[in-house]
Structure formats: structure tokens, C-alpha cells
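Residue numbers (UniProt numbering): 1 to 175. Structure record follows, encoded as C-alpha cells.
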């Protein structure tokens with residue numbers, strides 16, 4: 001291997017390690033802890049890579065994931081009462097709550113801690129870049145975590161925007 005190839009390979013490896021470190025510092029650090037691990041069932045399409053990455057995010061946050069592959073996600077969303085306006089790529093169920101899309105693990109934990117009776121679930125509609133499982137380099141969209149109820153009414157649960165260092169800051173309107 002030539003010195004140029006070796007230098008290129010080392011640079012590539014260092015960049016990959018740096019990118020992994022940046023990713024790890026963003027969503028993998030828990031703000032909240034659960035008393036015991038919780039089981040969450042995730043329904044997803046077999047070909048969806050971002051769903052798999054979101055599952056990995058959950059596993060790093062005390063969730064035991066049951067991964068269910070489905071060929072009819074629309075039917076699952078309908079059965080579980082996900083409002084069309086709240087739809088995303090994957091759907092999960094935990095303790096009778098529905099979780100739709102790339103909801104950060106700490107927001108799911110907050111839901112489980114608070115146990116609001118009027119909420120059916122949480123959603124990050126569509127697929128905003130930068131959410132857990134949707135990381136794409138330095139690009140990060142501001143996004144909202146909505147709560148929704150059985151009447152398909154929804155409201156703000158949490159919101160995320162980036163600061164000057166391009167790190168997400170939760171707005172935590174409920175706190």
C-alpha cells in the first residue's frame with residue numbers, strides 16, 4: 001500500500017470515528033432514566049434502514065424491542081388509530097401508547113413517567129432529517145413531537161431546534 005493510500009485510509013477512518021462520536025453525543029445520552037427496561041413493539045417495513053437505526057436508538061435507552069416486519073403499514077396505523085396527519089414510516093406500541101415515527105427515546109420515557117390518560121400516543125410526522133435514525137451528517141431539521149388522542153386531535157408535546165453548535169435543544173413545553 002502506498003503512503004498516499006495509507007494516508008487516505010487513515011483520514012477516512014478518523015473521519016468515520018469523528019462522525020460516530022458526534023452521533024453518539026447527540027441522541028445516545030439519556031436525559032431520563034426508567035426504573036426498569038420497557039418492552040416496545042415496533043412495526044416496520046423490511047426495507048427501511050432508518051427504522052432499524054431508530055430501533056438501535058431505543059435499545060441504547062433501556063428499551064427491549066420486539067421488531068415486527070409488516071407488508072401493510074397502512075393497515076397497522078389505521079388499526080392503532082394513528083391520525084393521517086401524524087403518519088411516518090414506522091409505528092410502535094408501548095404500555096398502550098402508540099409511538100409514530102422518529103420520536104426521541106427521552107420523549108417516550110417522559111410519556112411513560114407522566115402517564116397522561118388523555119394521550120393515545122406521540123408522533124414525529126414525516127421523516128425530519130436529524131431525528132433519531134434519520135441522522136445525515138451535519139444537516140438537522142427543527143422538529144416537533146406531537147401528542148395525539150383517540151379523536152385525532154393533536155398538540156405540542158416537545159420541540160427541538162439546534163443551537164449555535166448545531167446540537168439539538170429540547171424546548172420541553174410541559175416542564
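Glycine included, each C-beta is placed from N, C-alpha and C at the ideal position.
request  = With DSSP as the reference, label residue 67 as helix, strand or coil.
outcome  = On the chain shown, position 67 is the one that residue 67 refers to. Under the three-state reduction of DSSP output, residue 67 falls in the strand class.
task = Kindly indicate if chain C contains any beta-carbon less than 9 angstroms away from that of residue 171.
result = Among the chains of the structure shown, chain C does not appear; only one protein chain is present.
message = Threshold first: 4 residues or longer. Then list the alpha helix (DSSP H) segments lying entirely within the stretch 65–135, N to C.
response = Complete alpha helix (DSSP H) runs here, min 4: 73–80 and 105–114.
Secondary structure of residue 49, DSSP reduced to three states = The residue given as residue 49 occupies position 49 in the chain shown. In this structure, residue 49 counts as helix in the three-state DSSP scheme.
query = Whose C-beta lies closer than 6 angstroms to the C-beta of residue 30 among residues of the same chain, with five residues either side of it excluded?
reply = In the chain shown, the residue the question calls residue 30 occupies position 30. Taken in chain order, the residues that qualify are 61.
request  = Grab me the residues of residue 102's own chain with a C-beta within less than 6 angstroms of its C-beta, minus the 5 sequence neighbours each way, in chain order.
outcome  = In the chain shown, the residue the question calls residue 102 occupies position 102. Closer than 6 angstroms at Cβ, skipping near neighbours: 54, 124, 131, 132, 133 and 134.
query = Would DSSP call residue 58 helix, strand or coil?
reply = Numbered from 1 along the chain shown, position 58 holds the residue referred to as residue 58. Helix, per DSSP.
Neighbour-count burial assignment, residue 100, 16 or more Cβ in a 10 Å radius = Position 100 of the chain shown, counting from 1, holds the residue named residue 100. With 16 or more other Cβ atoms within 10 Å, it is buried.
message = With the cut-off set at 9 angstroms, would you say residue 152 and residue 81 are in Cβ contact?
response = As a first step, residue 152 must be located in the chain shown, where it is residue number 152. As a first step, residue 81 must be located in the chain shown, where it is residue number 81. At a Cβ-Cβ threshold of 9 angstroms, residue 152 and residue 81 count as neighbours.
inquiry  = Between which residues of its own chain and residue 136 is the CB-CB distance below 8 angstroms, once the five residues before and five after are set aside?
reply    = Here the question's residue 136 lines up with position 136 in the chain shown. Excluding sequence neighbours, residue 136 sits near 129 and 130.
task = Classify residue 167 as helix, strand or coil using the three-state DSSP reduction.
result = For the purposes of this step, residue 167 is taken as the residue at position 167 of the chain shown. In this structure, residue 167 counts as coil in the three-state DSSP scheme.
request  = Taking only the alpha-carbon atoms, compute the straight-line gap between residue 160 and residue 76 and give it to the nearest angstrom.
outcome  = Along the chain shown, one-based indexing puts residue 160 at 160. Along the chain shown, one-based indexing puts residue 76 at 76. Each residue's alpha carbon lies about 28 angstroms from the other.
ask   = Contact check, residue 93 vs residue 65 under 8 angstroms by CB: the rounded distance?
value = Taking the first residue of the chain shown as 1, we reach residue 93 at position 93. Taking the first residue of the chain shown as 1, we reach residue 65 at position 65. Contact between residue 93 and residue 65 does not hold, since their C-beta atoms are separated by about 11 angstroms, which reaches or exceeds 8 angstroms.
ask   = When you compare only the Cα positions, how much space is there between residue 34 and residue 171?
value = In the chain shown, counting from the first residue as 1, residue 34 sits at position 34. In the chain shown, counting from the first residue as 1, residue 171 sits at position 171. Answer to the nearest angstrom: the Cα atoms are 21 angstroms apart.
request  = Output the distance between the C-alpha atoms of residue 147 and residue 119, rounded to the nearest integer angstrom.
outcome  = In the chain shown, the residue the question calls residue 147 occupies position 147. In the chain shown, the residue the question calls residue 119 occupies position 119. Roughly 6 angstroms between the two C-alpha positions.
task = On the DSSP bridge assignment, give the partners of residue 161 in chain order.
result = Position 161 of the chain shown, counting from 1, holds the residue named residue 161. When DSSP reads this structure, residue 161 sits in a beta bridge with 169.
query = Between 126, 69 and 96, which lies nearest to residue 117 when the distance is taken from Cα to Cα?
reply = Sequence index remark: in the chain shown, residue 117 carries index 117 (1-based). Closest in alpha carbon position to residue 117, among 126, 69 and 96, is 96.
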